[in-house]
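Quick note: the sequence shown uses numbering that gives the first Met the number 0, first residue 0, plus one each step. These notes are about the structure you will find just below.
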Amino acid sequence: MSLSFWNPNSVFAGYDDHYFDPLASTLIGISPTLTKFKTDTMRLSSPRYEVTENDKQFRLAIDVPGVKPDDMKIELEHEGRVLHMTGGRKLKTDKSVEEYKFEKRFTLGRDLDTSKITAHLADGVLVLTAPKKEKMPPMKQEIAITQGEAPAMIEQ
Numbered sequence: 000m001s002l003s004f005w006n007p008n009s010v011f012a013g014y015d016d017h018y019f020d021p022l023a024s025t026l027i028g029i030s031p032t033l034t035k036f037k038t039d040t041m042r043l044s045s046p047r048y049e050v051t052e053n054d055k056q057f058r059l060a061i062d063v064p065g066v067k068p069d070d071m072k073i074e075l076e077h078e079g080r081v082l083h084m085t086g087g088r089k090l091k092t093d094k095s096v097e098e099y100k101f102e103k104r105f106t107l108g109r110d111l112d113t114s115k116i117t118a119h120l121a122d123g124v125l126v127l128t129a130p131k132k133e134k135m136p137p138m139k140q141e142i143a144i145t146q147g148e149a150p151a152m153i154e155q
């Protein structure tokens with residue numbers, strides 16, 4: 000038995016490994032196409048990454064060998080708090096074409112200036128960098144209290 004990733008949300012969670020065998024899965028009524036995830040294709044489709052940071056900048060390096068810039072899409076979602084990356088590549092063999100796709104999301108810290116994020120691709124490594132926001136000194140401000148009715152809500 001080879002080492003594989005466990006997904007507690009899988010419909011197969013808790014079953015013995017023999018249920019993932021294509022012949023055995025046909026006997027119990029599971030389509031052999033659903034058992035394909037046991038191959039290395041699933042593991043290869045999720046890129047490895049490395050996160051580094053210092054006081055001034057955040058850096059995310061992602062391995063995407065063979066992927067061209069036109070085959071990737073990088074977006075900021077949820078008001079710049081989530082980096083969403085999708086992409087893929089096609090691997091041609093003598094008899095077939097295999098397609099590898101990936102999708103990854105990273106939650107970004109509030110201390111990053113995401114308006115200045117950059118992405119560079121070289122030698123199969125995509126490097127995203129974002130500068131950190133300058134920390135403002137702690138501010139203390141007294142707010143005057145006015146006696147009387149509060150103003151009405153502004154209509155849109």
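Don't be surprised by glycine CBs; every beta carbon is placed ideally from N, CA and C.
Check your understanding: In chain order, what residues of the same chain lie with their CB nearer than 8 Å to the CB of lysine 100, ignoring the 5 residues before and after it?
Key -> Ser44, Thr85, Gly86 and Gly87
Check your understanding: Under the three-state reduction of DSSP, which class applies to proline 137: helix, strand or coil?
Key -> For proline 137, the three-state secondary structure derived from DSSP is coil.
Review point. What's the call for proline 46, buried or exposed, on a 16-neighbour Cβ count within 10 Å?
Key: buried
Exercise for review: Determine the extent of the beta strand (DSSP E) in which proline 130 is found, giving its start and end residues.
Suggested key: In the DSSP annotation of this structure, the continuous segment of the beta strand (DSSP E) that includes proline 130 starts and ends at 124-130.
Practice item. Determine the direct distance from the alpha carbon of alanine 118 to that of leucine 125, and round the result to whole angstroms. Key: 7 Å
Check your understanding: What did DSSP end up calling lysine 103 once you bin it into helix, strand or coil?
Key -> strand
Check your understanding: Relative to the C-alpha of arginine 104, which residue among Lys72, Lys115, Met152 and Met138 is closest?
Key -> Lys72
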